[in-house]
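Heads up, the thing below is written out as structure tokens.
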Amino acid sequence: ENFDGFAIDLWAAGVILYIMLTGFPPYDQASMTDQRFELIATGNLVQQLHNWDLRPSDEAGNLLQSMLRLRPRDRLTLAQVMTHPWIANGPVQAPPQTDPMEGYQ
1 ENFDGFAIDL
11 WAAGVILYIM
21 LTGFPPYDQA
31 SMTDQRFELI
41 ATGNLVQQLH
51 NWDLRPSDEA
61 GNLLQSMLRL
71 RPRDRLTLAQ
81 VMTHPWIANG
91 PVQAPPQTDP
101 MEGYQ
């Protein structure tokens, strides 16, 4: 296949999103000898998360799996990511901000 920098960037963005949602990287090395990478490469990313008692929403799991497709031509494009329901359905309500200095006088 020809090099597709945009598809590579979408993979990297998928890895970053995975870390943001779970708190750890999706795999140790991009090799089929890495069990976690193999689950991603075979389209079983959500199963991997469920094995660790992580339950992302169906939309979040679908977006992650669609960004982390092994073959670059099978990944979502940036336009598709931006219109994906998990992104397009609006922001998640952030918790109320607190003043970290409150109580220290």
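Residue numbers (UniProt numbering): 1 to 105. C-beta atoms are modelled at their ideal positions from N, C-alpha and C, and glycine is treated no differently.
Does the beta-carbon of residue i have 16 or more other beta-carbons within 10 angstroms, so that it is buried, or is it exposed?
| i | result |
| --- | --- |
| G61 | buried |
| A7 | buried |
| residue 127 | Past the boundaries of the shown model lies residue 127; the chain is included only from 1 to 105, so the question cannot be answered. |
| F37 | buried |
| G14 | buried |
| S31 | exposed |
Do residue i and residue j have their C-beta atoms closer together than 9 angstroms?
| i | j | result |
| --- | --- | --- |
| Y27 | I40 | yes |
| L64 | P56 | yes |
| L85 | E59 | This sequence places Pro at residue 85; Leu is not what is there. In this structure, E59 lies closer than 9 angstroms to P85 by Cβ. |
Which first and last residues belong to the alpha helix (DSSP H) in which residue i is found?
| i | result |
| --- | --- |
| M67 | D58 to M67 |
| residue 123 | Because residue 123 is not part of the residues shown, which for the chain are 1 to 105, the question remains open. |
If you pair each beta-carbon of the stretch 72-85 with each one of the stretch 38-57, do three or more pairs fall below 8 angstroms?
no
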